[in-house]
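Numbering (the working numbering), first residue to last: 12 to 179.
We treat Cβ as the ideally placed atom computed from N, Cα and C, and that holds for glycine.
Predicted, not measured: the structure shown is a model, and the values here were computed from it.
Shown next, in structure tokens, is the structure this report addresses.
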């Protein structure tokens, strides 16, 4: 992974805080804001089992306007959605044992810059994935969680500049 251009810490003491982070991110990935980047982008979600990767992804998809059931891609590997002509691809690479498997099933064709790409367990792809705009690492913090957000592109940096983390 490349060295981040900038980072941000975000406490997630409860589910409401996770939803609030997702809502803030949703406003950014849907773009374009007057002074922000165009819609779409890549977000990698990291953390131990149960750390909240899927919960954050679901909250983000819901905040972006996805209605109906939002399934975990754990078994299907990919769930896709379309909201107002913006595509959302939610991947889960947990079950991959070889870094090339995601390409072998054709997922590389879906890494369109005009889509929102959410990838859980990106480390299972080794160094084969292009760098994300934003890398989010979730960690346990007492009864809650803590998010470490790292920008790896200009778009990711702009997203972080527009986020306003809660005060402790």
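Check, Outcome
"Inter-residue CB distance, residue 92 and residue 99 (contact presumed, cutoff 8 Å)", "4 Å"
"C-beta contact flag for residue 28 and residue 67 at 8 Å", "no"
"Which of helix, strand or coil DSSP assigns to residue 22", "strand"
"Reduced DSSP secondary structure (H/G/I, E/B, other) of residue 174", "coil"
"Simplified DSSP state of residue 40, which is helix, strand or coil", "helix"
"Integer-rounded CB distance, given that residue 21 should sit under 8 Å from residue 158", "4 Å"
"Per-residue burial, residue 138 [other beta carbons within 10 Å of its own, 16 or more giving buried]", "exposed"
"Proximity to residue 134 [Cα-Cα], best of 25, 36, 23 and 54", "54"
"Contact check, residue 156 vs residue 74, beta carbons under 8 Å", "no"
"Same chain only: Cβ atoms within 8 Å of residue 18, ignoring 5 sequence neighbours per side", "159, 160, 161, 162 and 171"
"6 Å Cβ shell around residue 89 - same chain, five flanking residues per side excluded", "102"
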